[in-house]
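Notes to accompany the following structure.
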Amino acid sequence: MIFLPLETELFYYEHLFDSSDNLRLIQDFCVSNSSGTGLERYIKELAESDEQDGSARTYLVKDKFTHELVAYFSLKTGLFTIDADNGYFYSISAVELSNFAVNSSYRENHPDAKNLGSTVFAEFILPLVKYLRTFVGLQAIYIYALPQDKLIEHYKTMGFNRLDEEDEKFVHQHVKPKYDDGCIFMYQLI
51 MIFLPLETEL FYYEHLFDSS DNLRLIQDFC VSNSSGTGLE RYIKELAESD
101 EQDGSARTYL VKDKFTHELV AYFSLKTGLF TIDADNGYFY SISAVELSNF
151 AVNSSYRENH PDAKNLGSTV FAEFILPLVK YLRTFVGLQA IYIYALPQDK
201 LIEHYKTMGF NRLDEEDEKF VHQHVKPKYD DGCIFMYQLI
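Here the numbering used here is used: the first residue of the sequence shown is 51, the next is one more, and so on.
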């Protein structure tokens, strides 16, 4: 069994409300790629209200020595459905990685820090999801990725898969949130 809280030699994570300083800290979060402005807007303007109404839980990954914000991620419960080709469908119980971004300022301040997204996923997100699995039925983690080839390939290296075109269309018609319009559904069985 995995015990929380998680920390590594370099990083630790906190829930958004664990420290009174976190709400100030997130205001300095930035994403350098213009396609990620929604992720920047989310952490600065929407994460707090999603916390308060129970829509999502947001976690901040911080540098263990400088306490700088390295990345953040938000999780929420969900499911996705796969067409069974006989008029029925399968429901896959899952956790949605609804927001996930690395702080560009941290990258600039620490140019030697490599693979931050993969590290955060492997050392914080996946263990937390597997921990949740010890309490509730959970088969997968999924994400609606921005439609960029480089990002899609990066998620594939982290173990995410795409559905075939027909099944992806089915998912998009049944469970894809409006705000993820244009994004690519990817999943990973756990």
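Yeah, the Cβ is synthetic: ideal placement off N, Cα and C, and Gly gets one too.
| Helix, strand or coil at Lys112 according to DSSP, with G and I counted as helix | strand
| To the nearest whole angstrom, what separates the beta carbons of Ile191 and Val145, a pair I think is in contact under 8 Å? | Rounded, the Cβ-Cβ distance is 5 Å, consistent with contact.
| query | Is the stretch 75-83 close to the stretch 125-140, with three or more CB pairs under 8 Å? | reply | no
| So, is Asn159 buried or exposed, given that buried needs 16 or more other C-beta atoms within 10 angstroms? | exposed
| query | What is the residue span of the alpha helix (DSSP H) that His204 lies within? | reply | 199-207
| said: Would Leu125 and Leu147 qualify as a contact pair, given that the criterion is a beta-carbon distance under 8 Å? | reply: The beta carbons of Leu125 and Leu147 sit closer together than 8 Å.
| query | How about Tyr194 and Cys233: do their beta carbons lie closer than 8 Å? | reply | yes
| request: In the DSSP assignment, find the beta strand (DSSP E) that holds Glu57 and state where it starts and stops. | output: From DSSP, Glu57 is part of no beta strand (DSSP E); its letter is neither H nor E.
| message | Taking the beta carbon of Gln238 as the centre, do at least 16 other beta carbons fall within 10 Å, making it buried, or is it exposed? | response | buried
| query | Does DSSP classify Asn149 as helix, strand or coil? | reply | strand
| field | Neighbour-count burial assignment, Leu110, 16 or more Cβ in a 10 Å radius | value | Label assigned to Leu110: buried.
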